[in-house]
Amino acid sequence: MAFRALTKGLFGLRHSRGVTVKYSCDGHFATAASIQSPQPQTDDVKEKILQLPLKSPDYFRVSELFSLKDLFNARVHLGHKQGCRHRLMEPYLYGCRLDQDIIDLDQTMEHLQLALNFTAHIAYRGGVILFVSRRRQFCHLVETTAKECGEYAHTRYWQGGLLTNANIQYSPGVRLPDLIVFLSTLNNVFQQHVALRDAAKMNIPTVGVVDSNCNPSLVTYPIPGNDDTPVAVELYCRLFKMTINRAKDKRRQMELLHGLFTPTPSSS
Amino acid sequence: MASSCVRVVGSILGKCANCSAIISPVTLQLFRQVCMSSALHRKNLAAAGPEQFTAEFVKKQIDEFEVGKRHLANMMGEDPENFSQEDIDRSIAYLFPSGLFEKKARPLMKHPDEIFPKQRAVQWGADGRPFHFLFYTGKQSYYFLMHELYGKLLNVEKHQDRLRAKGLFSSDANSMSLGMSRWFTKEELEVSLVETISTHDLMERLLSMPYCSLEQQFILQYRRQLEAQSMHQIVQPLQQDEKGVAYSSAEGLRKTSRSSVVLRDCGSGRVTVNGQDCHHYFSVLQDREQLMFPLQFMGVLGRFDLKCTVSGGGRSSQAGALRLAISRALLSFLSEKEGEAMRQAGLLTPDPRVRERKKPGQEGARRKYTWKKR
Chain H
3 MAFRALTKGL FGLRHSRGVT VKYSCDGHFA TAASIQSPQP QTDDVKEKIL QLPLKSPDYF
63 RVSELFSLKD LFNARVHLGH KQGCRHRLME PYLYGCRLDQ DIIDLDQTME HLQLALNFTA
123 HIAYRGGVIL FVSRRRQFCH LVETTAKECG EYAHTRYWQG GLLTNANIQY SPGVRLPDLI
183 VFLSTLNNVF QQHVALRDAA KMNIPTVGVV DSNCNPSLVT YPIPGNDDTP VAVELYCRLF
243 KMTINRAKDK RRQMELLHGL FTPTPSSS
Chain U
148 MASSCVRVVG SILGKCANCS AIISPVTLQL FRQVCMSSAL HRKNLAAAGP EQFTAEFVKK
208 QIDEFEVGKR HLANMMGEDP ENFSQEDIDR SIAYLFPSGL FEKKARPLMK HPDEIFPKQR
268 AVQWGADGRP FHFLFYTGKQ SYYFLMHELY GKLLNVEKHQ DRLRAKGLFS SDANSMSLGM
328 SRWFTKEELE VSLVETISTH DLMERLLSMP YCSLEQQFIL QYRRQLEAQS MHQIVQPLQQ
388 DEKGVAYSSA EGLRKTSRSS VVLRDCGSGR VTVNGQDCHH YFSVLQDREQ LMFPLQFMGV
448 LGRFDLKCTV SGGGRSSQAG ALRLAISRAL LSFLSEKEGE AMRQAGLLTP DPRVRERKKP
508 GQEGARRKYT WKKR
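What follows is the structure in structure tokens.
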């Protein structure tokens with residue numbers, strides 16, 4: 003199936019929340035594919051729950067959460083000065099006024115919609131989302147956002163092997179994040195955050211707000227936009243919080259809906 | 148060959164569904180003994196970190212401790228139900244007397260929770276999601292403390308802003324009185340958080356704000372109360388003897404001398420030491436000066452009658468002990484301010500200097516043997 007080709011985290015997800023399947027001891031069944039579990043309904047219901055959001059492009063209606071006017075008012079279009087510009091950010095820039103780069107908000111709208119949609123799908127499937135930002139100004143805000151979503155945050159000094167050496171940094175058998183959201187891709191010394199490279203090594207998808215001085219190449223879902231202004235960062239935090247809560251509520255709703263019909267094969 | 152035997156066994160048992168469960172004990176017997184070199188046994192012990200004890204192991208130790216406690220109580224002939232930790236310590240000291248100087252090297256029997264360091268329990272649920280939202284930082288309790296602290300700081304600032312807007316802000320309003328307490332040391336904090344930390348100074352900033360008493364309870368959590376260091380002089384009350392003469396007594400010490408003095412307000416100025424006259428006992432002027440100094444300092448030389456007893460030590464230390472005793476006895480005749488003057492002069496402080504022991508490899512306490520170049 004298509005969704006099995008997605009990240010390994012989702013695959014692991016499926017197994018971890020799978021029902022204990024008892025294999026029957028008869029020698030009748032020839033191939034593995036035809037082994038049916040004694041509760042086909044639960045498996046089917048789970049498949050349906052997971053497949054349903056994939057049918058429409060914007061199932062969680064994330065594009066309703068923000069408008070171009072909101073982005074403009076939050077000063078998302080303001081980049082850094084021309085001298086700080088990164089070469090790979092040039093496609094995302096609208097232009098340059100009085101030496102300051104202006105980010106193209108139309109492109110930002112599309113990228114933001116894609117990123118929020120992806121986050122919503124991950125949250126829907128119960129994935130672990132890690133918010134990363136190394137800006138001291140917004141450390142408290144990001145941690146509070148993560149706490150309110152029920153997800154995780156890391157706004158402190160990034161120790162070397164947190165992702166790549168996880169079995170030793172934490173205990174063996176730890177579950178790594180399924181998505182990493184960067185509110186700022188740079189660290190305190192204006193270099194690319196180590197977590198970007200580590201996430202790419204560990205096959206973890208990333209969503210990141212890239213400013214005009216950042217390198218967007220390693221970010222899976224970049225969001226070109228301002229990462230320095232408090233208003234902009236508050237806007238991003240609010241948007242992520244709303245999408246994640248929306249997705250989780252939807253999931254709970256679906257489970258309740260289908261949970262009522264678990265014993266009998268449902269057609270709803 | 149062992150391998151072919153394995154294959155044969157495998158094919159026979161292959162039909163059965165639960166093959167994996169049955170093969171292993173059989174094949175174990177068929178494997179050859181493989182000798183491993185000692186290099187494979189060598190492990191990097193330092194890299195493993197402090198020893199981890201599993202929860203079941205600690206639980207087993209606790210059960211053994213409880214059983215052992217009851218046995219010990221029976222052995223000592225005491226009630227097993229009410230056998231406290233002090234009783235255990237006493238019994239162990241009785242049954243296993245040890246002359247070792249290092250207290251930690253002596254035999255001890257304590258509850259396993261005090262012996263085995265606190266471990267972290269498993270930090271995530273059945274689906275793998277960690278419980279704490281800062282789990283992926285590595286030091287969740289420490290960073291959570293930082294986060295909370297910053298939240299409280301913002302809270303206090305917001306409160307201050309509100310008051311400023313109303314015009315009620317005053318910069319000298321009730322700062323917290325910390326009194327006799329000190330901050331947790333880094334080691335204590337590490338123990339309480341079960342993590343290693345590096346220094347940080349947010350707490351000081353919180354304390355510097357005038358309205359920090361809002362967060363009093365939070366701050367006090369991280370301060371340890373010092374034992375009451377009451378260095379106040381216990382002023383002896385004035386007593387009256389049968390003739391109506393006021394007197395007071397006090398004790399003093401210096402090195403190994405112990406003295407006791409009775410100060411009578413008769414106005415004669417006589418001094419008796421151990422039954423003898425003070426000129427007899429202390430032939431040296433310096434010792435007599437030491438005796439008289441407190442009275443001379445307060446200007447009451449001729450007013451009091453001294454009856455002293457002193458034992459131990461040498462000439463000079465006995466004089467010093469008597470001086471301290473006289474000063475303490477004098478406090479009850481004087482006012483607060485004069486007593487404070489005496490304290491400032493150093494008359495009421497017992498001299499802590501005692502003889503330092505001789506160390507092995509040296510000739511005395513500090514003197515080393517003559518150093519020869521060759």
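So the protein lines, in turn, are chains H and U.
When you number the first sequence by our numbering, it's gap-free, plus one each residue, and the end is 270.
When you number the second sequence by our numbering, it's gap-free, plus one each residue, and the end is 521.
Quick reminder that beta carbons are idealized off the backbone N, C-alpha and C, glycines included.
Inset, instruction - Give a yes or no on whether 8 Å exceeds the smallest Cβ distance from Phe204 of chain U to chain H. - result: Taking the first residue of the second sequence as 1, we reach residue 204 of chain U at position 57. Judged by the 8 Å Cβ criterion, Phe204 of chain U is not in contact with chain H.
Inset, instruction - Give me the Cα-Cα distance between Ala252 of chain U and Ile262 of chain U, rounded to the nearest whole angstrom. - result: Working through the second sequence from its first residue, we reach residue 252 of chain U at position 105. Working through the second sequence from its first residue, we reach residue 262 of chain U at position 115. So the alpha carbons of these two residues sit roughly 14 Å apart.
Inset, instruction - Spell out whether any CB of chain H is found under 8 Å from the CB atom of Leu281 of chain U. - result: Numbered from its first residue, the second sequence carries residue 281 of chain U at position 134. Answer yes: the Cβ-Cβ gap between Leu281 of chain U and chain H drops below 8 Å somewhere.
Legend entry - Touching by the beta-carbon criterion (3+ pairs, under 8 Å), the region 73-93 of chain H and the region 226-243 of chain H: yes
Legend entry - Helix, strand or coil at Lys24 of chain H [DSSP, three-state]: Within the first sequence, the letter at position 22 stands for residue 24 of chain H. For Lys24 of chain H, the predicted model reports a pLDDT of 43, less than 50, meaning its position is unreliable; a value from the coordinates is still stated below. Coil.
Inset, instruction - Quick one: which unbroken alpha helix (DSSP H) runs of 4-plus residues sit fully inside the region 403-485 of chain U? Chain order, please. - result: 425-428, 432-445, 462-478
Inset, instruction - Report yes if the C-beta distance between Arg450 of chain U and Asp424 of chain U is below 8 Å; otherwise report no. - result: Reading the second sequence from its first residue, position 303 is the one you call residue 450 of chain U. Reading the second sequence from its first residue, position 277 is the one you call residue 424 of chain U. Going by C-beta atoms, Arg450 of chain U is not nearer than 8 Å to Asp424 of chain U.
Inset, instruction - From the DSSP output, read off the bridge partner residues of Cys98 of chain H. - result: As a working note, residue 98 of chain H is residue 96 in the first sequence. According to DSSP, which records beta bridges pairwise, Cys98 of chain H is partnered with H:Asp103.
Inset, instruction - Check the Cβ-Cβ distances between Gly493 of chain U and every residue of chain H, and say whether any is below 8 Å. - result: By one-based count along the second sequence, residue 493 of chain U stands at place 346. No - not a single Cβ of chain H is within 8 Å of the one on Gly493 of chain U.
Legend entry - Sequence-distant residues of the same chain with beta carbon closer than 7 Å to Lys252 of chain H, five excluded per side: As a working mapping, residue 252 of chain H is identified with position 250 in the first sequence. Excluding residues within five positions, the ones whose Cβ falls inside 7 Å are Phe62, Tyr126.
Inset, instruction - Going by CA-CA distance only, name the one from U:Ser396, U:Leu495, U:Glu398 that's closest to Phe440 of chain U. - result: Here residue 440 of chain U refers to the residue found at position 293 of the second sequence. Out of U:Ser396, U:Leu495, U:Glu398, U:Leu495 has the C-alpha closest to the C-alpha of Phe440 of chain U.
Legend entry - Contact check, Ser135 of chain H vs Ser186 of chain H, beta carbons under 8 Å: Within the first sequence, the letter at position 133 stands for residue 135 of chain H. Within the first sequence, the letter at position 184 stands for residue 186 of chain H. Result yes, Cβ atoms of Ser135 of chain H and Ser186 of chain H sit closer than 8 Å.
Legend entry - Proximal residues to Ile104 of chain H (C-beta, below 8 Å), its chain only, five neighbours per side dropped: For the purposes of this step, residue 104 of chain H is taken as the residue at position 102 of the first sequence. So the qualifying residues of the chain are His79, Leu80, Gly81, Leu95, Tyr96, Gly97, Cys98.
Legend entry - Cβ shell of Phe68 of chain H (< 7 Å), same chain only, five flanking positions each side left out: As a first step, residue 68 of chain H must be located in the first sequence, where it is residue number 66. These residues qualify, in order along the chain: Leu114, Leu241.
Inset, instruction - For the beta strand (DSSP E) holding Lys83 of chain H, just list the boundary residues, first then last. - result: What you label residue 83 of chain H is simply residue 81 of the first sequence in a count that begins at 1. Here the beta strand (DSSP E) through Lys83 of chain H covers 80-83.
Inset, instruction - Go ahead and pull the three-state DSSP assignment for Ala117 of chain H. - result: Residue 117 of chain H sits at position 115 when you count from the first residue of the first sequence. Here Ala117 of chain H sits in helix by DSSP.
Legend entry - Own chain, CB closer than 6 Å to Asn215 of chain H, minus 5 neighbours either side, in chain order: Position 213 of the first sequence, counted from the start, is the residue given in the question as residue 215 of chain H. Cβ neighbours of Asn215 of chain H beyond the five flanking positions: His82, Cys86, His88.
Legend entry - Which residues DSSP lists as bridging Leu532 of chain U, in chain order: Summary: the structure shown does not reach residue 532 of chain U, with chain U confined to residues 148 through 521, and so no result is reported for it.
Legend entry - Alpha-carbon to alpha-carbon, Leu52 of chain H and Pro224 of chain H: For the purposes of this step, residue 224 of chain H is identified with residue 222 of the first sequence, where counting begins at 1. For the purposes of this step, residue 52 of chain H is identified with residue 50 of the first sequence, where counting begins at 1. If I take the Cα positions, the gap works out to 25 Å.
Legend entry - Supposed close pair Leu132 of chain H, Pro179 of chain H - CB separation, criterion 8 Å: If you number the first sequence from 1, residue 132 of chain H lands on position 130. If you number the first sequence from 1, residue 179 of chain H lands on position 177. Contact holds; Cβ gap of about 4 Å.
Legend entry - Test: Glu49 of chain H CB closer than 8 Å to a CB of chain U: For the purposes of this step, residue 49 of chain H is identified with residue 47 of the first sequence, where counting begins at 1. Not an interface residue.
Inset, instruction - For Lys149 of chain H, go through chain U and note every residue whose CB falls closer than 7 Å to its CB, in chain order. - result: Stepping through the first sequence from its first residue, residue 149 of chain H is reached at position 147. Within 7 Å Cβ-Cβ: Phe280.
Inset, instruction - Give a yes or no on contact between the region 386-403 of chain U and the region 488-506 of chain U, applying the rule of three or more CB pairs nearer than 8 Å. - result: yes
Inset, instruction - Name, please, each residue of chain U whose Cβ falls closer than 9 Å to the Cβ of Leu132 of chain H. - result: By 1-based counting over the first sequence, the position of residue 132 of chain H is 130. Correct list: Tyr283.
Inset, instruction - Measure how close the beta-carbons of Ile124 of chain H and Leu70 of chain H come, nearest whole angstrom, since I'm counting them as under 8 Å. - result: In the first sequence, residue 124 of chain H corresponds to position 122, counting from 1. In the first sequence, residue 70 of chain H corresponds to position 68, counting from 1. So it is not a contact: roughly 25 Å between Cβ atoms.
Inset, instruction - Would you check if the distance between the CB atom of Lys398 of chain U and the CB atom of Met445 of chain U is smaller than 8 Å? - result: The residue given as residue 398 of chain U occupies position 251 in the second sequence. The residue given as residue 445 of chain U occupies position 298 in the second sequence. First, the residue type needs correcting, since residue 398 of chain U is Glu and not Lys in the sequence shown. It is not a contact, given that the beta carbons lie outside the stated cut-off.
Legend entry - Identity of the residue in U:Val431, U:Phe480, U:Arg521, U:Gln287 nearest Asp452 of chain U by Cα: Residue mapping note: residue 452 of chain U aligns to position 305 of the second sequence, counting from 1. For Asp452 of chain U, the nearest C-alpha among the options comes from U:Phe480.
Legend entry - Residue range of the unbroken alpha helix (DSSP H) whose run includes Thr245 of chain H: In the first sequence, the residue the question calls residue 245 of chain H occupies position 243. Note, Thr245 of chain H: alpha helix (DSSP H), 232-261.
Inset, instruction - Identify the contact partners of Tyr154 of chain H in chain U, using a Cβ-Cβ distance below 8 Å as the criterion. - result: What you label residue 154 of chain H is simply residue 152 of the first sequence in a count that begins at 1. Correct list: Pro277, Phe280, Leu281, Phe282, Tyr283.
Inset, instruction - Examine chain U for any beta-carbon lying closer than 8 Å to the beta-carbon of His260 of chain H, and answer yes or no. - result: Numbered from its first residue, the first sequence carries residue 260 of chain H at position 258. So, not an interface residue.
Inset, instruction - Using beta-carbon positions only, say whether Leu438 of chain U and Leu469 of chain U come within less than 8 Å of one another. - result: As a first step, residue 438 of chain U is located in the second sequence; it is residue number 291 there, counting from the start. As a first step, residue 469 of chain U is located in the second sequence; it is residue number 322 there, counting from the start. A contact, by the Cβ cut-off of 8 Å.
Inset, instruction - Output the distance between the C-alpha atoms of Glu537 of chain U and Lys390 of chain U, rounded to the nearest integer angstrom. - result: The shown model of chain U, from 148 to 521, leaves out residue 537 of chain U, and the question about it has no answer.
Inset, instruction - Given a cut-off of 8 Å, decide if Ser407 of chain U and Ala472 of chain U are closer than it, judged by their beta-carbon atoms. - result: Start at 1 with the first residue of the second sequence, and residue 472 of chain U comes out as number 325. Start at 1 with the first residue of the second sequence, and residue 407 of chain U comes out as number 260. Result yes, Cβ atoms of Ala472 of chain U and Ser407 of chain U sit closer than 8 Å.
Legend entry - Spatially closest choice to Gln491 of chain U from U:Pro259, U:Phe212, U:Ser474, by CA coordinates: Taking the second sequence and counting its residues from 1, the one referred to as residue 491 of chain U is at position 344. If we check each option's Cα against that of Gln491 of chain U, U:Ser474 comes out closest.
Legend entry - Reduced DSSP secondary structure (H/G/I, E/B, other) of Thr208 of chain H: Here residue 208 of chain H corresponds to residue number 206 of the first sequence, with the count starting at 1. In the structure shown, Thr208 of chain H sits in a strand (DSSP, three-state: E or B).
Inset, instruction - Using a Cβ-Cβ cut-off of 8 Å, state whether Asp274 of chain U counts as contacting chain H. - result: Translated into the one-based positions of the second sequence, residue 274 of chain U becomes position 127. So, interface residue.
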